[in-house]
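Step one of this worksheet: look at the structure below.
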Amino acid sequence: MSEEQRRMELGRFLRSRRLRMTPQSVGLQHADSNRRRTKGLRREEVAALAGISLPWYTSLEQGRDINVSDQVLDSLARVLRLSEDERKHLYLLAGRSTIANNQNGEQPAVSDSLQYLLNQMPLCPAYISDAKMNVLAWNPLAATVFGPFGPAGSRERNMIWRMFMLPSYRTMFVGWEELAGSLLGHFRALYTRHMEDPWYTEFIQEMTEGSTEFAAMWEDYVVGCKSLHPRVMEHPQAGLLNLSTHLFPIHDSSCQFLSVFTPDLQDGSVERLALLAKESLSRESAMV
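The opening position of the sequence shown corresponds to residue -18 in my numbering, with each subsequent residue numbered one higher.
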C-alpha cells in the first residue's frame, strides 16, 4: 500500500466510523436528527469533541498529507468509540505502531483458556510471549527445560535477555550463536513494527552495553519474521534434547505468540523429555 493509498484508506475509515455514530451516543442530546441531511455525526462535531480544528480534521478525512500525533489518534478513537481492533487499525493506517494497544506499559494478560491450552501439553514445553519476547505464561515442562522465568516484569522473563545474559544458556544450547542470531532476527522484526515504543530503545541500549555479542549481532542487522531455529541442548538433568520449534501467532489484539517445542522422534529425545515431564508434574503436585 502506497502512502497515498494509506491516507485515502484512513479517510474512508474515519468517515465510516463517523457516519455510524449518532449525536445522542456522544452526548449531543439536543441535536435535531430530523434536520440532518446525512446520518451520523458531522465533521465539525467530531472535531469539536476530539479537540481539533475542523479544517485539520477535514483534511485528515480527505486523505491529505498531514502529520497526526498519537494524542489526536487517541482522541479520535475515544470520540468514535473504536474497539481495540478498530483502534489498532486506525494506528496502522496513520503509520503508527501498535503500541497504542498497551500504552500503560503493562504486560497484557494471558486468557484462562490459553493457560488451559498450555497445561494440556504436558509432554511438550510451551510458553506464550509478547511482542517484546517477554514470556507471559508457560506450562510446567517449559520451566523445567528452560529454567525458572522469574517474577513478572523482570528481565528473566525476556528471551533475548536470557539468551545473551544467562551463562547457563551459553553452555546448555548446542550452536548457541546460531540460535541467538535467529532469536535476534525475530526480535528485530518485532522491533520494526513497534519501534515507537520507548521500551525497545531502552532495552536495546541496555543489551548493547551489557553484551558485546548482542551489540555485534544487532549491528549485523539480521531480520527474521519467525524464529523457528531448533533448540538443541545438553540439559543438565536430561542430557541431549533435540527440540523442533513451532511458533503460532495468537489472532487477537494482544500481539502474543504461542511457542511449542516438540522432541525429535528418532534420537531418544522423546523418552528423555518424558522423564523431565514426569519430574515437573510431580513437583507441581507437591506444591499444591
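Beta carbons: idealized from backbone N, C-alpha and C, even for Gly.
These numbers come from a predicted model, not from an experiment.
Beta-carbon gap between residue i and residue j smaller than 9 Å
i: T226; j: F242; result: yes
i: V155; j: L257; result: no
i: D51; j: R77; result: yes
i: N115; j: N100; result: no
i: W180; j: K113; result: yes
i: A75; j: L(-9); result: yes
i: G21; j: L35; result: no
i: F229; j: I141; result: no
i: G191; j: G166; result: no
i: Y108; j: S240; result: yes
First through last residue of the beta strand (DSSP E) which encompasses residue i
i: L222; result: 220 to 230
i: P121; result: Unbroken run through P121 is the alpha helix (DSSP H), 121 to 127; no beta strand (DSSP E).
Host alpha helix (DSSP H) of residue i (start-end)
i: S34; result: That residue, S34, is in no alpha helix (DSSP H); it is neither H nor E in DSSP.
i: A196; result: 193 to 201
i: R138; result: Here R138 belongs to no alpha helix (DSSP H), and DSSP marks it neither H nor E.
i: E(-15); result: -16 to 1
i: H167; result: 157 to 174
i: K69; result: 65 to 74
i: L99; result: 93 to 100
i: E149; result: The identity of residue 149 in the sequence shown is Ser, whereas the question assumes Glu. Start and end: 148 to 153.
Residue nearest to residue i in terms of C-alpha spacing, selected from the options
i: L61; options: A31, T39, W37, G76; result: A31
i: L209; options: L164, M176, I185; result: L164
i: Q218; options: I47, F195, E252; result: E252
i: L122; options: P179, E42, P244, A196; result: P244
i: H216; options: W180, Y181, S149; result: S149
i: R212; options: S64, P106, K259, L22; result: P106
i: Q(-14); options: L63, L73, V53; result: L73
i: A133; options: S250, A118, Y38; result: A118
i: T278; options: Y108, G220, A28; result: No answer is possible for residue 278: it lies beyond the span of the chain, which begins at -18 and ends at 269.
i: D66; options: F168, Y172, H232, N120; result: H232
i: S250; options: S261, M214, E260; result: M214
DSSP bridge partner residues for residue i (one or two, in chain order)
i: L239; result: I109, F229
i: V60; result: Answer by DSSP bridge pairing: none, since V60 is not bridged.
i: V213; result: N223
i: P244; result: L224
i: N115; result: N139
Rounded Cβ spacing between residue i and residue j (contact assumed at less than 8 Å)
i: D201; j: N223; result: With 8 Å as the limit, D201 and N223 do not qualify as a contact, their Cβ atoms being about 27 Å apart.
i: R(-4); j: E42; result: 6 Å
i: A161; j: F145; result: 7 Å
i: F(-6); j: L71; result: 7 Å
i: Y38; j: V49; result: Contact doesn't hold; Cβ gap of about 10 Å is too wide.
i: L254; j: L104; result: 7 Å
i: R169; j: V203; result: 7 Å
Any non-hydrogen atom of the ligand GDP within 8 Å of residue i CB
i: N100; result: Of the ligands one can find in the structure shown there are none, so the ligand GDP has no counterpart to examine.
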